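Below is one structure; the comments refer to it alone.
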Amino acid sequence: MNHTPLLVIFAVLIAVISVPAYGELITEHVVINEVDTNPFGDDSLAISEWVELYNPTDTDVDLSGWEIASTTVLKKTFTIPDGTIISPEKHLTFTYAKVWFTDSSESVELRNPSGDIIDKTPLISDLENDFISWQRSYDGHLDWEFSLGNAGGSNGKLTLSEESSTVEVTLSTDKTNYNFDETAIIGGTVSEKVFVELPSFQAEPLLIKITGPNFQQSISLYPDYNLNYETSLDLVQVLGISSGTYDVIVNYAGVSETTSFSVESEIIETSEIVKSVFNINVDQSEYFVKQSILLTGKTNEIIPYESMKFTVIDPNGKQINNGSLFTVDGEFDTILSINSNPPVFGEYVIAAEYGEQINSTTFSLIENVVEVDTPDSPEMILTLDDFQYFENAYMTISGSIPNFDFDSDIYYQVVYLNYYSSDGKPITFNSAVKDNPTLRDAVLFTSTAIPNSLGEFKLDVRIPSIIFPVGDYVVKANYGGLLSSENFSIISERNYDSEKIDDGDNNTVSIPGKQVSSEILDAGGYVVSSVKTIIEKTNRISDNLISIETKDKIIEEQSVQPRVLSGSMVTPSKTDISKVNLQVSSESGICIIGQNSDCLVSESTRKPGQIFEVIQLDGMSLNVRYSGPDVRLEKFSILPQSSEDFLPDTNWNVEVLKDDEVSRFYYKVTYKTTQ
8 MNHTPLLVIF AVLIAVISVP AYGELITEHV VINEVDTNPF GDDSLAISEW
58 VELYNPTDTD VDLSGWEIAS TTVLKKTFTI PDGTIISPEK HLTFTYAKVW
108 FTDSSESVEL RNPSGDIIDK TPLISDLEND FISWQRSYDG HLDWEFSLGN
158 AGGSNGKLTL SEESSTVEVT LSTDKTNYNF DETAIIGGTV SEKVFVELPS
208 FQAEPLLIKI TGPNFQQSIS LYPDYNLNYE TSLDLVQVLG ISSGTYDVIV
258 NYAGVSETTS FSVESEIIET SEIVKSVFNI NVDQSEYFVK QSILLTGKTN
308 EIIPYESMKF TVIDPNGKQI NNGSLFTVDG EFDTILSINS NPPVFGEYVI
358 AAEYGEQINS TTFSLIENVV EVDTPDSPEM ILTLDDFQYF ENAYMTISGS
408 IPNFDFDSDI YYQVVYLNYY SSDGKPITFN SAVKDNPTLR DAVLFTSTAI
458 PNSLGEFKLD VRIPSIIFPV GDYVVKANYG GLLSSENFSI ISERNYDSEK
508 IDDGDNNTVS IPGKQVSSEI LDAGGYVVSS VKTIIEKTNR ISDNLISIET
558 KDKIIEEQSV QPRVLSGSMV TPSKTDISKV NLQVSSESGI CIIGQNSDCL
608 VSESTRKPGQ IFEVIQLDGM SLNVRYSGPD VRLEKFSILP QSSEDFLPDT
658 NWNVEVLKDD EVSRFYYKVT YKTTQ
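Residues 8 to 682, numbered by our numbering, are exactly what the sequence shown covers, in order.
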């Protein structure tokens, strides 16, 4: 969160404190300060294990060519890149590869370029898949403990007995004068973290006390990793804030600092006594069952700590709802609905009181007439599990229906799915006519699906090559007049036959024995293995930055090479679609897909006569397919233009550009091999 820069109205107080020694300090060389050999999540899916180094000396140390190594089963060794410098009293955190360490009886070594062991952890075990790590009790000390991880941050510093340490505390507010309904930002810095021993060893908290006219509030908090602290105070009258001066005092490790700010109210001079006004209203005079009712109220007199209390009375005089609302700037609002079963139609009364004032309003509940619009609705979601399929493959179709009402009369309608070629012709197949097998009738190729109670549906459809030859197609869904469509392509490869691969569990890699493969017989009747396809999938990633490897590997004793990289991102909320987008970059930093001006592809590649955009990347011609931005399901695929080539041995960086919006990213890598 960004705030107005803090005014330079703080002062610095310096205190000298003494803390008894605890543990033994390691000096004169860099140490391994913290290790997490089993972080939260699946270590085989992401590079997540890490090692933190700490420099307790008073000089810079060049770590170029130093090594961090596993010394037990795996014995994987990471070489620190040239030019890596660790400054005095600073920390550096390193990650290396998937499954860098074992979870039981592991020991990590730090070696210099000559191979000398500079530091080594004791034998450590971490069998819990959580956020707990092995760490020194304090930065640079011999004592180790198993505690909550703190990668890149200090474990705390404890000085030697009777050694003096200066603590500096600053305090400020973002403004000196505020109006009602603003928020005061209170914050500052400390020079270092301080720990106390009694009644138990723990970090020293910051204690902030705010006092003003008939107001007092205390806040306890801790400095963050950067030794900053910040809190806020909403200057709202209903919370007891009134006009006047407020004093702020912060205490930390025996050091205190003060500042102040004022809250002002607008003074309205009038010779007449203003009469109190209070009223409530609803946004319509008539509503259907379960329709949202907006109740609003307004007053010109704000009563501290007082709420507006309301009740809803049905046509029979029965109270069916009640509640209370606090005012914001003299206004009230909330959303109601009538959900009684069976519904009671007629006039309803909402009565409200605020302080000594009373007001009421009415509305009518009427019977609902269901109307179904026939135009194409962009609100219906239809998705496919891929954008291209081999001949005779299975296609997974899923979707959801907006504003789905499980109790509605149209619940039992099915979702009708029809298929068309790229020129708009319906897909049909021939059927024999009864009593005359020589005649054939054209029958539409269709599918149906029944939505569940949440309005979601899913089905698997086999796409036989005799009906779907190689080419481009469209599947269109229709549910009660709601329409949606998706494009897909059928591709062919000699001696290929495909089987549908299950998506698997969330956050898992699917590398089963279900391989896209075929076998043919030579003239002598011997089996000759042909090219096989293995798909590696990763599902439902919520991270903002995903690194995807396309490297040659061995899967189930088969040597495979990456051919296609595909990805898709789902943004569940319609209002967040324009705020969430993908950006795909190469390992060399070239933006391949994205909205920046330097990105090679920034809009949908599907145009008349083409579905791919051909780009040049590091000397290779690549076909890039992209759905375009600002869609609920944003998809892309990257593959070599030549059918004989494979993707380079590299990392692809996928960044989900968003703030706090919810999204899920899926990707898969298609591998080929010849045996």
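Backbone N, C-alpha and C fix where the C-beta goes; we use that ideal spot for every residue, glycine too.
Since we're looking at a predicted model, the values are computed, not measured.
Output needed for residue i: all residues of its chain with C-beta closer than 7 Å, excluding positions within five of it in sequence on either side, in chain order.
i    : result
D512 : Any answer about D512 is weak, because its pLDDT of 39 lies below 50 and its placement is not dependable; what the coordinates show is given next. So the list is empty, once near-sequence residues are dropped.
Q244 : F187, I309 and P311
E35  : T64
D137 : F47
E378 : Residue placement at E378 is poorly supported in this model, since its pLDDT is 37, which falls under 50; the coordinates still yield a value, given next. Cβ neighbours of E378 beyond the five flanking positions: none.
D290 : L301
I'd like the list of long-range same chain contacts for residue i, defined as Cβ closer than 6 Å, with 5 residues on each side in sequence excluded.
i    : result
W57  : D43, T100, T102 and A158
S198 : V174 and E175
F108 : T44, E56 and S77
L451 : P433 and T435
E237 : G194
V106 : D50 and S51
G353 : P322
P458 : I408 and F464
I518 : With a pLDDT of 38 at I518, under the threshold of 50, the predicted position of this residue should be treated as unreliable, and no value is reported.
T403 : D392 and D467
Look up residue i in the DSSP assignment and give the residues it is bridged to.
i    : result
P387 : Rather than Pro, the amino acid found at residue 387 in this sequence is Met. According to DSSP, which records beta bridges pairwise, M387 is partnered with nothing at all.
L451 : T435
N366 : A359
D467 : T403
T303 : N288 and D340
V421 : None; V421 has no bridge partner.
I548 : F672
E41  : E59 and Q142
V197 : V176
Q5   : Within the shown structure, residues of the chain are numbered from 8 to 682, placing residue 5 beyond reach of any answer.
For residue i, which option in the options has the closest C-alpha, if you only look at C-alpha atoms?
i    : options                   : result
S239 : I226, K614, K316 and H98  : I226
V591 : I584, P569, V631 and G90  : V631
L246 : F268, Q395, K432 and D188 : D188
L430 : T390, M402, V481 and I618 : Just to set this straight, residue 430 is Asp in the shown sequence, not Leu. Comparing Cα positions, the closest option is V481.
P476 : K483, F464 and F495       : F495
N660 : S144, V621 and L589       : L589
S405 : G90, L552, S367 and L461  : L461
L654 : P615, Q565 and L629       : L629
G635 : L117, D625, P95 and E620  : E620
Y185 : D150, L81 and S250        : S250
S367 : I320, M576, K558 and S575 : I320
K82  : H98, I125 and L117        : L117
S428 : D392, L391, D412 and K483 : K483
E564 : T680, I553 and F672       : T680
D133 : A53, E152 and I553        : E152
Are the CB atoms of residue i and residue j nearer to each other than 8 Å?
i    : j    : result
I600 : V587 : no
L489 : M387 : yes
T318 : F285 : no
I408 : G362 : no
Y674 : T545 : yes
T657 : T540 : no
P217 : Q224 : One point to set straight first is that residue 217 is Ile, not Pro, in the sequence displayed. Going by C-beta atoms, I217 is nearer than 8 Å to Q224.
N551 : E641 : no
E96  : F85  : no
Y355 : L332 : no
A358 : G304 : no
D146 : P230 : no
S154 : I139 : yes
Y232 : G160 : yes
P129 : S114 : yes
K573 : L624 : Here residue 573 is Ser; the residue named in the question, Lys, does not match the sequence. Result no, Cβ atoms of S573 and L624 do not sit closer than 8 Å.
F295 : K182 : no
Closer than 8 Å by C-beta to residue i: which residues in its own chain qualify, once you throw out the five before and the five after it? Chain order, please.
i    : result
I342 : S299, I300, L301 and L302
T453 : Y423, L424, N425 and Y426
V669 : S549, T578, P579, S580 and D583
L214 : S225, I226, S227, V257, N258 and Y259
L20  : Note that L20 has pLDDT 33, beneath the 50 cutoff, so the model's placement of it is unreliable and the number below is only indicative. E175, V176, V262, S263 and E264.
G163 : S144, Y145, D146, K200, F202 and A210
- Query: What are the start and end residues of each continuous beta strand (DSSP E) run of 3 or more residues lying completely inside the segment 130-189, in chain order?
  - Reply: 139-143, 151-155, 172-176 and 184-186, all fully within the segment 130-189.
- Can you check the segment 590-647 for any beta strand (DSSP E) of at least 3 residues that lies completely inside it and give the ranges in chain order? 598-600, 620-624, 627-633 and 640-647
- Note down, one range per segment and in chain order, each beta strand (DSSP E) of at least 3 residues found wholly within the segment 97-127. 98-102, 115-118 and 124-127
- Task: Entirely within the segment 232-278 and at least 3 residues each: give me those beta strand (DSSP E) ranges in chain order.
- Result: 235-241, 251-259 and 262-271
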